[in-house]
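A.B. asks: Letter by letter, the sequence shown follows residues 2 to 430 in my numbering.
Backbone N, C-alpha and C fix where the C-beta goes; we use that ideal spot for every residue, glycine too.
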Amino acid sequence: MLKGKSLIVILLSLILLVGCQAPNANPSSGSSSERDGGKKELTVWHIESQGGEPGLKDAVKRFEDKHPGVSVKLIKQENDPYKSKLVVAMGGGNPPDVFHSWGGGWLKNFVDAGQVRDITNDIDKDSYLEAALSESTFDDKVYGAPVGMNVVPVWYNKKIFKKYNIEEPETYEELLKVIKTLKANDVIPFSLANKSKWTGAFYLMYFAERFGGADLFNEAFSRTGRTFDDKAYIEAGRKIQELVKLGAFPEGMNGMNFDTGQSRQLIYTEKAAMEVMVSSYLGNVRKEFPEIEEDLGFFLFPAVTGGKGAKNHVVGGISPVFSVSEKSKNADLAVELVKELSSKETAEKLANMKGAISAVKGVSYEDEYTEKLSKVLENAEYLQTFYDQTLPPELAEVHLNTTQALFGLSITPEEAAAKVEEKAKEVLE
C-alpha cells in the first residue's frame, strides 16, 4: 500500500512532467477526437508482439463493423519505453482511450491517481478467471479486463539436448551439469537480452522462491514477516552471479535488447540452448523463425535442494489487461472496445496464435503448446506474479536496477537486497 507521502510524490512528478511537455505534442497519443466531419476515433496503446497483434486487429475490425462512424487507431509500443510514455500521457491529460497494463501495483498507481475508469458494472465479471480479474480489482472495483495469462518456463532446443545426451533437469544441481556440458561444446547455456532488465528478473524471482518458498514475496510486500533483504534474496543474488561466472549467459547480455530479438537470434542460430521467458515467447518464434518450432521444448525452472519452494511453483502474470482512461472523451465507446478486446473470440485468437493462456473462460485450445502451458498453470500450487508489475513503480525500479547490476557483477547480493529493502521501507506500509 502506498503511503500518502509517496502518492503525493508520484502526483507531483506527473505535474512536473506536464510542465516539460508541450500540449498535444504527440497527436497519436491523444484521446478520442472527432475528425472528418464528426467521425469518432479511439486510440489504443498496446505492447503485443507479432504473435498477438493480429488478434487485436481482428477485434478492432469487429468493433468498427459494429460501430459505423467510429475508427480505432491501434498503436504498438515497445515494452519499457511504454511505461514512462504512458505516465507522461496520463500526467499531460492526453492519454490513449484504451491502454494496456499488467494489473497489479502498476495499474493501481494510475487508479489511485484517478486516471482509470471504473468498469465494474460495464463488464460481465463471470466471463473471466477469478485469478486474472483479481489483478485489476481494487477495493472491490474492476479497472481492467484481462485477456491472457503467462507462465515462465525454460524454453530449450530439443535437438541440442539430444545431440549432447542432455535430459531436462529436475534440480539446480542437474542444471549445473547441463550448463557445463553445453559450455564444453561451445554452446551458450542461457540466451539473455537484459537491457530491458525484466528479462533477467525472472531468475531473481525463481531463485528467491526456490530458497524462500511461496510466502517470501507476500511477506516482504505486505510487511508481515520476512523482508526484501532476507537471506533467501541474498542467496538468489549469489546464484545469479554463480551462473554469470560460469559463463552461462552471452557476453554483453546487459546491453542486448529483447524487444528487437537479440536473445532469440541466438536460439534460432543454435548458438544458445535455453531461454527463460514468458509463454508468449511461442508467438515470437512462430512469426520470426517457425522452422525451429518442432525442436522447441520447455520445462519448469528446477528446484533447489533444501529450499522451501517447489518446481510446480511458477512465475507468471496477467497480460494484456485493457483499461479505459478516465479522461477519454468517448468513454462509453472505449468500454465497448475493451469488451471486444477481451472477448472470448479475441482471447482464443491470442491463445492459439501467441501461446497466451486465456484469462477468459470457455476458450478452446487448438494448439498443443498452449494447452500444455495452460495445464502447467492449472497444476501449479503457487503463481508468483511479476515483481515489477506488483510493486509500486519506484520500488520496482530499484528491484530491476539492482537485479541487472547483479548480472553485471557490479553489486554484491547483500548490497542489492539492502537497497531494495531500504526503498521498501520508504514506500510500503
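Just to confirm, are residue 43 and residue 335 a CB contact at a threshold of 8 angstroms?
C.D. replies: Position 42 of the sequence shown holds residue 43. Position 334 of the sequence shown holds residue 335. Contact: yes.
A.B. asks: Need the endpoints of the alpha helix (DSSP H) that residue 87 sits in, please.
C.D. replies: For the purposes of this step, residue 87 is identified with residue 86 of the sequence shown, where counting begins at 1. Run containing residue 87: 80 to 92, per the alpha helix (DSSP H) assignment.
A.B. asks: So, residue 349 versus residue 359, is the Cβ gap smaller than 8 angstroms?
C.D. replies: Sequence index remark: in the sequence shown, residue 349 carries index 348 (1-based). Sequence index remark: in the sequence shown, residue 359 carries index 358 (1-based). Yes, the pair counts as a contact, with Cβ atoms nearer than the cut-off.
A.B. asks: Give the straight-line distance between the Cα atoms of residue 61 and residue 352, rounded to the nearest whole angstrom.
C.D. replies: Counting from one through the sequence shown, the residue named residue 61 turns up at place 60. Counting from one through the sequence shown, the residue named residue 352 turns up at place 351. One C-alpha to the other measures close to 17 angstroms.
A.B. asks: What would DSSP say about residue 48, mapped onto helix, strand or coil?
C.D. replies: In the sequence shown, counting from the first residue as 1, residue 48 sits at position 47. Coil.
A.B. asks: Would you check if the region 306 to 316 and the region 211 to 224 touch, i.e. whether three or more CB-CB distances between them fall below 8 angstroms?
C.D. replies: Enough Cβ pairs lie closer than 8 angstroms, so yes.
A.B. asks: Could you tell me if residue 424 is buried or exposed, where buried requires 16 or more neighbouring beta carbons within 10 angstroms of its beta carbon?
C.D. replies: Here residue 424 refers to the residue found at position 423 when the sequence shown is read from its first residue. Burial call: buried.
A.B. asks: I need the straight-line Cα distance from residue 229 to residue 396, nearest angstrom please.
C.D. replies: Taking the sequence shown and counting its residues from 1, the one referred to as residue 229 is at position 228. Taking the sequence shown and counting its residues from 1, the one referred to as residue 396 is at position 395. Cα to Cα, residue 229 sits roughly 11 angstroms from residue 396.
A.B. asks: If contacts are defined as beta-carbon pairs under 8 angstroms, then residue 361 and residue 129 qualify, I think. What distance do you get, rounded to the angstrom?
C.D. replies: Here residue 361 is taken as the residue at index 360 of the sequence shown, counted from 1. Here residue 129 is taken as the residue at index 128 of the sequence shown, counted from 1. Right, their Cβ atoms sit about 6 angstroms apart.
A.B. asks: Drop a sphere of 10 angstroms on the beta-carbon of residue 87, count the other beta-carbons inside from all chains shown, and report buried for 16 or more, exposed for fewer.
C.D. replies: In the sequence shown, the residue the question calls residue 87 occupies position 86. It counts as buried.
A.B. asks: Using a Cβ-Cβ cut-off of 6 angstroms (strictly less than) and excluding sequence neighbours within five positions of residue 347, which residues of its own chain qualify?
C.D. replies: Locating residue 347 in the sequence shown gives position 346, counting from the first residue. Correct list, in chain order: 56 and 60.
A.B. asks: Could you check how far apart the C-beta atoms of residue 147 and residue 104 are, in whole angstroms? I think they sit under 8 angstroms.
C.D. replies: Mapped onto the sequence shown, residue 147 falls at position 146. Mapped onto the sequence shown, residue 104 falls at position 103. Contact holds; Cβ gap of about 7 angstroms.
A.B. asks: Residue 276 to residue 415, Cα distance in whole Å?
C.D. replies: Mapped onto the sequence shown, residue 276 falls at position 275. Mapped onto the sequence shown, residue 415 falls at position 414. Near 26 angstroms, if we compare the C-alpha coordinates of residue 415 and residue 276.
A.B. asks: Please name the residue or residues paired with residue 293 in a DSSP beta bridge.
C.D. replies: In the sequence shown, the residue the question calls residue 293 occupies position 292. None; residue 293 has no bridge partner.
A.B. asks: Verify whether the separation of the beta carbon atoms of residue 157 and residue 299 is less than 8 angstroms.
C.D. replies: Within the sequence shown, numbered from 1, the residue matching residue 157 stands at position 156. Within the sequence shown, numbered from 1, the residue matching residue 299 stands at position 298. In this structure, residue 299 lies closer than 8 angstroms to residue 157 by Cβ.
A.B. asks: Spatial neighbours of residue 29 within its chain, please: CB distance less than 8 angstroms, with the 5 preceding and 5 following residues excluded, ordered by chain position.
C.D. replies: Within the sequence shown, numbered from 1, the residue matching residue 29 stands at position 28. Only weak support exists for where residue 29 lies, its pLDDT of 42 falling under 50; the coordinates are left without a value.
A.B. asks: Given a cut-off of 8 angstroms on the beta-carbon distance, is the pair residue 448 and residue 273 in contact?
C.D. replies: The chain is shown from 2 up to 430; residue 448 falls before or after that span and cannot be answered.
A.B. asks: Quick test of the definition: if touching needs 3 or more C-beta pairs under 8 angstroms, does the region 317 to 332 touch the region 185 to 192?
C.D. replies: Judged by Cβ distances under 8 angstroms, the region 317 to 332 makes no contact with the region 185 to 192, as fewer than three pairs qualify.
A.B. asks: Report, in whole angstroms, the separation of the C-beta atoms of residue 305 and residue 173, which I expect to be a contact under 8 angstroms.
C.D. replies: As a position in the sequence shown, residue 305 is number 304, starting the count at 1. As a position in the sequence shown, residue 173 is number 172, starting the count at 1. Between residue 173 and residue 305 the Cβ distance is about 5 angstroms, and since that is below 8 angstroms, they are a contact.
A.B. asks: So what does DSSP say about residue 156, is it helix, strand or coil?
C.D. replies: Numbered from its first residue, the sequence shown carries residue 156 at position 155. In this structure, residue 156 counts as strand in the three-state DSSP scheme.
A.B. asks: Exposed or buried, what is residue 98 when buried is set at 16 or more other beta-carbons lying within 10 Å of its beta-carbon?
C.D. replies: By 1-based counting over the sequence shown, the position of residue 98 is 97. Under this definition residue 98 is a buried residue.
A.B. asks: For my contact list, residue 52 and residue 254 are in at a C-beta cut-off of 8 angstroms; report their separation, rounded to the angstrom.
C.D. replies: Reading the sequence shown from its first residue, position 51 is the one you call residue 52. Reading the sequence shown from its first residue, position 253 is the one you call residue 254. That belief does not hold up - the Cβ atoms of residue 52 and residue 254 are roughly 23 angstroms apart, past 8 angstroms.
A.B. asks: Taking the straight line between their C-alpha atoms, what separation do you get for residue 345 and residue 106?
C.D. replies: Your numbering for residue 345 matches position 344 in the sequence shown. Your numbering for residue 106 matches position 105 in the sequence shown. Distance between the alpha carbons of residue 345 and residue 106: 26 angstroms.
A.B. asks: Report the residue ranges of all alpha helix (DSSP H) runs contained in full by the region 227 to 259; include only those spanning at least 4 residues, in chain order.
C.D. replies: If we require 4 residues or more, the alpha helix (DSSP H) runs fully inside the region 227 to 259 come out as 232 to 247.
A.B. asks: Among all the DSSP beta bridges, which residues are the ones paired with residue 149?
C.D. replies: Counting from one through the sequence shown, the residue named residue 149 turns up at place 148. DSSP lists 359 as partners of residue 149.
A.B. asks: Out of 408, 399, 341 and 378, which has the shortest C-alpha to C-alpha gap to residue 67?
C.D. replies: Sequence index remark: in the sequence shown, residue 67 carries index 66 (1-based). The shortest Cα separation from residue 67 among 408, 399, 341 and 378 belongs to 341.
A.B. asks: Report the CB separation of residue 182 from residue 165 in whole angstroms; it is logged as a contact under 8 angstroms.
C.D. replies: Taking the sequence shown and counting its residues from 1, the one referred to as residue 182 is at position 181. Taking the sequence shown and counting its residues from 1, the one referred to as residue 165 is at position 164. Contact flag correct, Cβ pair sits at about 5 angstroms.
A.B. asks: Under 7 angstroms Cβ to Cβ from residue 194, same chain only, skipping five residues before and after it: list those, please.
C.D. replies: For the purposes of this step, residue 194 is taken as residue 193 along the sequence shown, with counting starting at 1. Cβ neighbours of residue 194 beyond the five flanking positions: 200, 254, 257, 258, 259, 263 and 264.
A.B. asks: Let me know if residue 331 comes out buried or exposed under the rule of 16 or more other beta-carbons within 10 Å of its beta-carbon.
C.D. replies: Taking the first residue of the sequence shown as position 1, residue 331 is located at position 330. That one is buried.
A.B. asks: Going by other Cβ atoms of all chains shown within 10 Å of its Cβ, with 16 needed for buried, is residue 387 buried or exposed?
C.D. replies: Position 386 of the sequence shown, counted from the first residue, corresponds to residue 387. Result: buried.
A.B. asks: How many Å lie between residue 399 and residue 370 at the Cα?
C.D. replies: Within the sequence shown, residue 399 is the residue found at index 398, counting from 1. Within the sequence shown, residue 370 is the residue found at index 369, counting from 1. Straight-line Cα distance between these residues: approximately 35 angstroms.
A.B. asks: For residue 220, which residues from the same chain have a beta carbon less than 7 angstroms from its beta carbon, with the 5 sequence-adjacent residues on both sides left out?
C.D. replies: Taking the sequence shown and counting its residues from 1, the one referred to as residue 220 is at position 219. Once the five neighbours on either side are set aside, the close Cβ partners of residue 220 are 226 and 227.
A.B. asks: Mind checking which residues open and close the alpha helix (DSSP H) that includes residue 225?
C.D. replies: Within the sequence shown, residue 225 is the residue found at index 224, counting from 1. From DSSP, residue 225 is part of no alpha helix (DSSP H); its letter is neither H nor E.
A.B. asks: Which of helix, strand or coil does DSSP assign to residue 425?
C.D. replies: The residue you call residue 425 lines up with position 424 of the sequence shown. Correct three-state label for residue 425: helix.
A.B. asks: Would you report the Cα separation of residue 63 and residue 69, rounded to the nearest angstrom?
C.D. replies: Translated into the one-based positions of the sequence shown, residue 63 becomes position 62. Translated into the one-based positions of the sequence shown, residue 69 becomes position 68. When rounded, the distance between both Cα atoms is 11 angstroms.
A.B. asks: Tell me whether residue 291 is buried or exposed, calling it buried when 16 or more other Cβ atoms sit within 10 Å of its Cβ.
C.D. replies: Sequence index remark: in the sequence shown, residue 291 carries index 290 (1-based). Residue 291 comes out exposed.
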